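There are 2 protein chains.
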Amino acid sequence: MPKENKNGKKPRWVHPMSQIPEPWILLNYYFSSFKGKLLKGLIHNVNSPIQNISFLIEFALQDLKTIKTSDKLLEYCTARFSTLKKQLVKLTEVLRPIELFERLVYEDRPLTALELSETVRELLLYDLYCKHHVKVNLDVASKASLLFPNSGTLIPVVCQLLDNALTALKTIKADKLTIHITETEIHIIDNGCGFDISNAAQLFEPWISNWPLELLPEEEQSHLGLGLYWTKKIMEAYNGSVAISRNQDTTISTIYLPRSEK
Amino acid sequence: MPKENKNGKKPRWVHPMSQIPEPWILLNYYFSSFKGKLLKGLIHNVNSPIQNISFLIEFALQDLKTIKTSDKLLEYCTARFSTLKKQLVKLTEVLRPIELFERLVYEDRPLTALELSETVRELLLYDLYCKHHVKVNLDVASKASLLFPNSGTLIPVVCQLLDNALTALKTIKADKLTIHITETEIHIIDNGCGFDISNAAQLFEPWISNWPLELLPEEEQSHLGLGLYWTKKIMEAYNGSVAISRNQDTTISTIYLPRSEK
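Note that the protein sequences, when read in sequence, are chains U and C. Going by UniProt numbering, 1 is the number at position 1 of the first sequence; the sequence numbering is gapless. Going by UniProt numbering, 54 is the number at position 54 of the second sequence; the sequence numbering is gapless.
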């Protein structure tokens, strides 16, 4: 949602003072980057059912040559096609969440709290660390509540805070992630590496990052120090906000949702 | 490949003067974003073979009930499993390039010119505009030449310039993309929207972008104005460079590769 090019002149822009990109540009950018990180998990998740389907077909082609009676053949083929169908269902189940996710963002419509929590739950399965090591607890106060802003903004904001939580979890191999959704707030709570509370005020400043540079060397690094900055700016544009706090060994990111625009 | 955290203190960094992020951080960031943009095409490309497999299984389960003789049953099932196998091959063909692409970057090894060109050719099929509207011409001078720097750097740099070319093509619905690879240079040539040649020197400055703000409103926008900046900085770190020029209605992006480090 970039602002209009008012002068109508030659396409060109220079970032204004302080050289901080537009929050909306950052949203698109960070969100695209978040999706890029899901690719590895997506490929991993589809490979298992595809391999099973491949084996089932190969073995069937071999077995057909050895089965002599009509009854046995019918029985065998019915069973084999049924098993194939089950494996195909597994494959489509792996792909469905990412399709739904893309569509929800594209449609840019109000989400119910349940839709958001289901989307998040399934999306987290594409993060292989999360899938295998993290106990995810989703807690929705009122499932039918319509959330604002719309999906095209809210999902990227949630994804950015999830991305932070996942990074914090991986850093110290921690294992708990809770997402709590009410009509007016979304809390993302992790027991990951956390941050120095004395830096808390600075975290929303542009270019400030608490992530260690040596973090997760085998993973993609993408810490511009603008993640919390843009999420907060964008939520503020909707009369909402974003905050981050510590409580014992947990980090709590909170999205304050505005009231509906009705 | 972030630089070492030399002070060994609390994990924290602030961007140095001018608030321009490290080129290596930008590389990871832009590359992750490039991959995120492939998701839509990837999902689109896998859906067709999955749907065919689904139909084949469903119809088979129906048909089995009506086939009476043993010979016909054997013939039918053999044919059906063979067709299923072909569709599965199509599905794996769609997924193989993205797996290879991820692995090549991860392995961070010297690529042959042929490997790079094949990777690019298949990758472009995940960009739906390119797949359906653009005539791609790949031209490799010496297929066995080993290119430097290694895949973990070279592929993201090539992807960034490809991303620029694809954006330029989509902007004016243009249709020609040529990639020419020699031992010492990679040229990416498109007949897209181009740029004002009087701005050419500025394009490699950080925060400068020639893309129109109103560009492709339905697509993800991510123009920080740092793309050419980091590709050039990184290539320069390897004694290479990046340049961009216009020739009639084409834009030519050139990666100057350094000599091998042997």
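Beta carbons are placed, not taken as given, at the ideal position from N, Cα and C, and that holds for glycine. On a predicted model such as this, the values are computed, not experimentally measured, just so you know.
DSSP state of L88 (chain C) mapped onto helix, strand, coil: helix
Which of the residues in the region 161 to 179 of chain C, read from start to end, lie with their CB under 9 Å from any CB of chain U? T171
Between which residues of its own chain and T250 (chain U) is the CB-CB distance below 7 Å, once the five residues before and five after are set aside? I189, D190 and N191
Count the other CB atoms, across all protein chains shown, that sit within 10 Å of the CB of R109 (chain C); report buried if there are 16 or more and exposed otherwise. exposed
Where K40 (chain U) meets chain C, residues with beta-carbon distance less than 8 Å: E102
Boundaries (first-last residue) of the alpha helix (DSSP H) holding S198 (chain U): Counting along the chain, S198 (chain U) falls outside any alpha helix (DSSP H), and DSSP gives it neither H nor E.
Determine the contact status of I234 (chain U) and V157 (chain U), defining contact as a CB-CB distance below 8 Å. Yes. Within cutoff.
Please report how far the alpha carbon of G225 (chain C) lies from the alpha carbon of E205 (chain C), in whole angstroms. 8 Å
Between the C-alpha atoms of I25 (chain C) and K170 (chain U), what's the straight-line distance to the nearest angstrom? Spanning the two alpha carbons is a distance of roughly 19 Å.
For F81 (chain C), would you say it is in contact with chain U, using Cβ-to-Cβ distances shorter than 8 Å as the test? Chain U contact via Cβ: present.
Here's the rule: buried if 16 or more other CB atoms are within 10 angstroms of the residue's CB, otherwise exposed. What is residue 266 (chain C)? As displayed, chain C neither begins before 1 nor continues past 262, which places residue 266 (chain C) out of reach and without an answer.
Would you mind sorting L128 (chain C) into buried or exposed? The rule is 16 or more other CB atoms within 10 Å of its CB. exposed
Chain U within 8 Å of E99 (chain C), Cβ atoms only: yes
DSSP bridge partner residues for I155 (chain C) (one or two, in chain order): Looking at the DSSP assignment, I155 (chain C) forms no beta bridge with any residue, so it has no partner.
Under the rule that 16 or more other beta-carbon atoms within 10 Å means buried, what is E93 (chain U), buried or exposed? exposed
I'd like the span of the alpha helix (DSSP H) that includes residue 276 (chain U), first residue to last. An answer regarding residue 276 (chain U) cannot be provided, because it is not within the stretch 1 to 262 covered by chain U.
Tell me the DSSP secondary structure of S142 (chain C) in three-state form. Looking at S142 (chain C) - three-state DSSP - the assignment turns out to be coil, as it is neither helix nor strand.
Simplified DSSP state of H223 (chain U), which is helix, strand or coil: coil
Listed by chain order, chain C residues near T92 (chain U) by CB distance under 7 Å: One finds I50 in chain C with Cβ atoms closer than 7 Å to the Cβ of T92 (chain U), taken in chain order.
For S54 (chain C), verify whether its CB is less than 7 Å away from any heavy atom of the ligand HEM. The model on display carries no ligand, and the ligand HEM is accordingly not part of it.
Examine chain A for any beta-carbon lying closer than 8 Å to the beta-carbon of L203 (chain U), and answer yes or no. Any reference to chain A falls outside this structure, whose protein chains are U and C.
Chain-ordered chain C contacts of V46 (chain U) [CB-CB under 8 Å]: V46 and L95
Here's the rule I'm using: 16 or more other beta-carbon atoms within 10 Å means buried, otherwise exposed. How should A201 (chain C) be labelled? exposed
Restricting to Cα atoms, I'd like to know which of C:F195, C:H180, C:K40 and C:E185 is closest to Y126 (chain C). C:K40
Would you please verify whether the beta carbon of S32 (chain U) is less than 8 Å from any beta carbon of chain C? yes
Closest residue to Q19 (chain U) among C:W207, C:S142 and C:F59 (Cα-Cα distance): Closest by alpha carbon: C:W207.
Here's a check: name, in chain order, each residue in its chain whose Cβ is nearer than 8 Å to the Cβ of V46 (chain U), leaving out the five neighbours to either side. The residues are L91, V94 and L95.
Can you tell me which residues form a DSSP beta bridge with V136 (chain U)? U:L177, per the DSSP bridge assignment.
At the level of alpha carbons, what is the spacing between P11 (chain C) and K37 (chain C)? Interpretation of P11 (chain C) is limited by its pLDDT of 32, a score under 50 that renders its predicted location unreliable; the figure taken from the coordinates is listed afterwards. Cα atoms of P11 (chain C) and K37 (chain C): separation of roughly 31 Å, rounded to the nearest angstrom.
Taking only three categories from DSSP, how would you classify E205 (chain U)? coil
Can you pull the chain C neighbours of I43 (chain U), defined as C-beta to C-beta under 8 Å? Using a Cβ-Cβ cut-off of 8 Å, I43 (chain U) is close to L95, I98, E99 and E102 of chain C, given in chain order.
Touching or not, the region 114 to 126 of chain U and the region 73 to 86 of chain U, by the rule of three or more beta carbon pairs under 8 Å? no
Taking 8 Å as the threshold, find out whether the region 57 to 65 of chain C comes into contact with the region 67 to 81 of chain U through three or more Cβ pairs. yes
Per DSSP, which one or two residues make a beta bridge with R246 (chain C)? C:T251
Taking Cβ positions only, does Y29 (chain C) come closer than 8 Å to chain U? yes
Going straight from the alpha carbon of T66 (chain U) to that of C130 (chain U), what length do you get? 45 Å
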